[in-house]
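Asker: Here the numbering used here is used: the first residue of the sequence shown is 5, the next is one more, and so on.
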Amino acid sequence: MAVTNFIHIPQHLLPPMLSFLYFKSSSMIPFSVRGPLTFEGWYPRDHKPGQYPTNDEERRAAALKYGLRPEDYKPIDQDDVVRYAGDYPELGIVTFDHKDPYEDWTDRQNRRNWGEMVPIDMMRYRGDRLTFTGLEAEDFTTWGSIIMCLRVLVPIAIFAWLVTNEDPNAWRWRNPVMPKQYPYDFYRAFPFEDARRYPITNYSFELLD
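(1) Could you tell me if D81 is buried or exposed, where buried requires 16 or more neighbouring beta carbons within 10 angstroms of its beta carbon?
(2) Does DSSP put R87 in a helix, a strand or coil?
(3) Could you check where the alpha helix (DSSP H) with S208 kicks off and where it finishes?
(4) Check whether the Cβ atoms of P93 and K78 lie closer than 8 Å to each other.
(5) Within 10 angstroms of the Cβ of R133, are there 16 or more other Cβ atoms? Answer buried if so, exposed if not.
(6) Under DSSP, the alpha helix (DSSP H) around R155 begins and ends at which residues?
(7) Is A66 closer than 8 Å to R54 when the C-beta atoms are compared?
(8) Where does D60 fall in DSSP's three states?
(9) Could you have a look at L25 and say whether DSSP puts it in helix, strand or coil?
Set out below in structure tokens:
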């Protein structure tokens with residue numbers, strides 16, 4: 005029976021990747037114990053909104069829960085049936101363009117830092133959705149918005165009318181009506197002439213006077 009001799013190499017002599025694998029393989033803790041994402045002391049119920057605060061003590065507890073000062077904490081109005089979420093704070097509308105593009109954000113795609121509170125409407129005002137700075141409202145006028153819409157709708161309507169008009173003589177990409185054809189015109193015009201240049205003789209079956 006053949007016996008294989010294994011040579012033990014000290015860990016400090018291995019390359020960085022092999023050293024990492026050597027350390028992991030020699031560890032007695034399996035990988036599945038930690039899991040992909042594990043944070044000490046964090047549970048999903050910590051981020052679940054609670055009941056609407058009814059007194060100052062509950063308001064203070066809710067403010068501390070969300071990392072806000074009690075004087076800055078204001079829950080979402082209960083009458084707002086669309087946005088109401090228990091004791092979740094009203095943080096206002098903060099869109100993607102409101103935030104500094106040159107800031108060193110933890111999440112540059114959404115311009116958000118780790119652990120930062122987000123408004124209840126955060127998914128609506130992302131960078132790839134509705135975003136504004138508020139400066140556009142200074143130049144907003146009713147007639148200006150109407151004209152902006154008409155600048156798009158009127159050309160589309162005119163173009164649609166031109167290409168869908170049933171009149172055969174209307175302007176189109178190409179007139180679908182072919183020239184009137186007569187028998188034997190091709191042979192008279194063969195090989196390179198236009199048959200429409202030849203006069204057409206029409207006969208009738210009515211008797212002459």
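Glycine included, every Cβ here is placed at the ideal spot set by N, Cα and C.
Answerer: Let me spell this out:
(1) exposed
(2) coil
(3) Unbroken run through S208: none, as it is neither H nor E.
(4) yes
(5) exposed
(6) 146–168
(7) For the record, residue 54 in the displayed sequence is Gly; it is not Arg. In this structure, A66 lies closer than 8 Å to G54 by Cβ.
(8) helix
(9) Only weak support is given to the placement of L25: the predicted model assigns it a pLDDT of 48, under 50, and the value that follows is read from those uncertain coordinates. Of the three classes helix, strand and coil, the one that applies to L25 here is helix, per DSSP.
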